[in-house]
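Taking it in order: structure first as structure tokens, then the write-up.
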Amino acid sequence: MDAMNMNAGTPGADPLEFYGTQVSSRLLLGTAQYPSPAILADAIRASGSQIVTVSLRRESGVSKAGQSFWSLIKDLGVKVLPNTAGCKTVKEAVTTAQMARELFGTPWVKLEVIGEDDTLQPDVFGLVEAARILCRDGFEVFPYTTEDLVVAEKLVSAGCEVLMPWGAPIGSGRGLNNPYGLRSMRAHFPRIPLVVDAGIGLPSHAAAAMELGYDAVLLNTAVAKAGDPARMARAFARAIEAGREAFVADPMEARDMAAPSTPVMGRAVLAD
Amino acid sequence: MTSPNSYDTESTQAGKANVANEMRVAVVGGGVAGLTCAHAFAQRGARVTLIERRAATGQGCSWFAGGMLAPWCERESAEPLIAELGFESLDYWRRTVPDVPQEGSLVLAPPRDLPDLKRFSRRTEGYEWIDGARIAALEPDLEGRFDQGLFFPTEAHLEPRKALAALTTKLTGEFGVRMAYESDVVDDESSLTADADIVVDCRGLAARDRLADLRGVKGEMLVLFTREIALKRPVRMLHPRIPVYVVPRGDGHFMIGATSIENDERGRVTGRSMLELLSAVYQLHPAFGEAEITEIGADVRPAFPDNLPRIRKRGRTIYVNGLYRHGFLAAPALARRAAEVAFEGAYFPEVMDEDRREW
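Protein sequences, first through last, are from chains F and U. Each residue of the first sequence is one higher than the one before, starting from 60 at the first, in this note's numbering. Each residue of the second sequence is one higher than the one before, starting from 655 at the first, in this note's numbering.
As structure tokens, then:
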């Protein structure tokens, strides 16, 4: 029943690569706020997602006290992308990333440096600095950023090979606040994998991001807080697949006037 | 069943006629699950010994419980089963222990988080939308602070520590339940459980040695004392990241809870958790900012992967576990089921995932 896996490894597949790792699912799923680990597992399976983000700031406590939750996730056979959620300074983010590398045995890290509590907007200055430190230290950094092109340039020159601009503030469910900015970013970085991260509320938002040519979508709350998370995860998987297909299929241009799809001239006139 | 042992001798001396039919039950664990199980078995005439590793009952994670008997509110985030068990348990507590005020519960959100209130209302029933005037009528000290809220009139709350103390007194007095404190029973061959017909294992997370799919979910709480504000009923404040509840404990005390963190770390209360709980409750009413902190605490709730409780019967042992955040809400209903499993061979598919009917 897993549409995403049908593509995996088949000819004509449309794989996506993050730091040399190929995935076929273009949906990255966050693991916070689900009603239970069992429902989280159902949602991950239904999403076909191959990468899930995990926050470890809170769960770690002392002496790896969150192990049982993490092993539930590991057992699902997905790739874990640890994040630095909630970190507000470069130092915090770097330390958290190092802890994550040790705990999960992966160089991947979703880098969040939060600048502002009300919008959870990234502190782009701290983000660039932390990205520079982590990339130099061998991390493969997925930075959560805004659609600002200059910041994006600096992240790329710091060594980031993926960019993750926000759609809207984290948890807001508002969709793509600035489609123009996201489109410019796609045009500016035609070859870097771009992931819309945060602010997605509905499958149609995710489809819109994919239609803009984004490579993937990362979301959490929209699935976790749905009445039926597994079902919503499946809806997102389908929307993301549809949006991707539409982008690859090269959609028509919108126009102001009607354009008949059958010719008006020379039409047979049937007497009645 | 009829092999001679000291208990038989005792009860024969007491002149009980039905001695041969008396089931000897050892309940292990004196939290809310163990005490309600002891009650359910004793009510059916079993001779119950309750084994508790601490010096008194109710000292584990039950000690830190909120004591909200709020099946409708829980319905927002929990499976329908929890509400179903909750209605039965609500009724049990009102019949069994004194002082279970049925004042309902109030769910509020700051104006910017109104979408969360709407979402909450969509997921449950048993409430009415109320406006600022009605909120002020119910809780005068919250006047002018909230424009909208949800009121669940049929819900109740209790003081967990007092309730478990009352239940303990009832068990030892009315029902002759024998308490074996400071006894750590993990081994079925140990002397305290050796001659029992049925062992009811209610050890919570400590039963992880037998129930491998149990995990711990840490919860932190605090108690505030202030005379500046009074509340009649539990109030929940919604927030996308930091939901908080306040349960009035009487005499100026308010229990504030609770975090829910995916780890099994006992007892360590973090600054961040306190900061978040306090800032959320300060938003409910600034008087909480000036209140005295009289207690902080943390413990670990036992939970299965779906956060739903289980009864499992293996041989003569019945496990009652995984009550998660729903100890007081689920325990009496589970205890009743556990007793029916033992006495009548009943089977409850909603809570029994291992159907072993070899007995």
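Note that the Cβ used here is the ideal one computed from N, Cα and C, for glycine as well.
Asked	Found
Any chain U beta carbon closer than 8 Å to Ala-67 (chain F)	Its pLDDT being 42, under 50, Ala-67 (chain F) is placed unreliably by the model, and the measurement read from it follows with that caveat. No, Ala-67 (chain F) lies away from the interface with chain U (no Cβ there is under 8 Å from its Cβ).
C-beta contact flag for His-893 (chain U) and Ala-934 (chain U) at 8 Å	yes
C-beta neighbour in chain F for Pro-894 (chain U), strict 8 Å	yes
Below-8 Å beta-carbon distance, Asp-918 (chain U) vs any chain B residue	Absent from the structure is chain B; the protein chains it does hold are F and U.
Alpha helix (DSSP H) runs wholly inside the segment 755-802 of chain U, at least 4 long, in chain order	768-776 and 786-792
C-beta neighbour in chain F for Ala-934 (chain U), strict 8 Å	no
Straight-line Cα distance separating Met-722 (chain U) from Ala-763 (chain U)	19 Å
Distance between beta carbons of Leu-983 (chain U) and Val-1005 (chain U), contact taken as under 8 Å	14 Å between Cβ atoms; not a contact.
Under the three-state DSSP convention, the category Ala-246 (chain F) falls into	helix
Own chain, CB closer than 8 Å to Thr-148 (chain F), minus 5 neighbours either side, in chain order	Val-172 and Gly-185
Environment of Ala-912 (chain U) [buried if 16+ CB atoms lie within 10 Å]	buried
Closest residue to Arg-788 (chain U) among U:Arg-777, U:Thr-778, U:Gln-802 and U:Glu-779 (Cα-Cα distance)	U:Gln-802
Beta strand (DSSP E) runs contained entirely in the segment 113-168 of chain F, provided each spans 3 or more residues	138-142
Beta strand (DSSP E) segment containing Asp-256 (chain F), residue limits	254-256
Touch test, the segment 866-879 of chain U against the segment 699-706 of chain U, Cβ-Cβ under 8 Å, three pairs minimum	no
Sufficient close CB pairs (3 or more, under 8 Å) joining the segment 275-282 of chain F to the segment 234-247 of chain F	no
Simplified DSSP assignment, three categories, for Asp-855 (chain U)	strand
Interface partners of Ser-95 (chain F) on chain U, CB under 7 Å	Pro-959, Asp-960 and Asn-961
Sheet register partners of Val-900 (chain U) (DSSP bridge)	U:Val-889 and U:Ile-910
Exposed unless 16 or more other CB atoms sit within 10 angstroms - verdict on Ile-110 (chain F)	buried
Contacts that Phe-128 (chain F) makes with chain U (C-beta to C-beta distance below 8 Å)	Arg-869, Glu-916 and Asn-917
Sub-8 Å separation of Thr-711 (chain U) and Leu-818 (chain U) beta-carbons	yes
Cutoff 8 Å: Ala-984 (chain U) Cβ touching any chain F Cβ	no
is_contact[Ser-731 (chain U), chain F] using C-beta, thresh 8 Å	yes
Alpha carbon of Val-1049 (chain U) to alpha carbon of Leu-768 (chain U), nearest angstrom	For chain U, the structure presents residues 655 to 1013; residue 1049 (chain U) sits outside this window and is missing.
Between the CA atoms of Glu-304 (chain F) and Thr-154 (chain F) - distance to the nearest angstrom	40 Å
Per DSSP, cross-strand counterpart(s) of Lys-213 (chain F)	Its beta-bridge partners do not exist; DSSP assigns none.
As assigned by DSSP and simplified to three states, the class of Leu-962 (chain U)	coil
Cβ contact (3+ pairs, closer than 8 Å) linking the segment 242-260 of chain F and the segment 215-224 of chain F	yes
Inter-residue Cα distance where the pair is Ala-78 (chain F) and Asn-961 (chain U)	For the sequence presented, residue 78 (chain F) should be read as Tyr rather than Ala. Between Tyr-78 (chain F) and Asn-961 (chain U), the C-alpha separation is close to 36 Å.
Three-pair Cβ contact test at 8 Å for the segment 842-861 of chain U versus the segment 675-691 of chain U	yes
Chain F contact for Arg-777 (chain U) (CB, 8 Å cutoff)	yes
Residues that DSSP places opposite Lys-872 (chain U) in a beta bridge	U:Ile-915 and U:Val-954
is_contact[Leu-131 (chain F), chain U] using C-beta, thresh 8 Å	yes
DSSP three-state assignment for Gln-180 (chain F), whether helix, strand or coil	coil
CA-to-CA distance, Leu-812 (chain U) to Leu-222 (chain F), given in whole angstroms	51 Å
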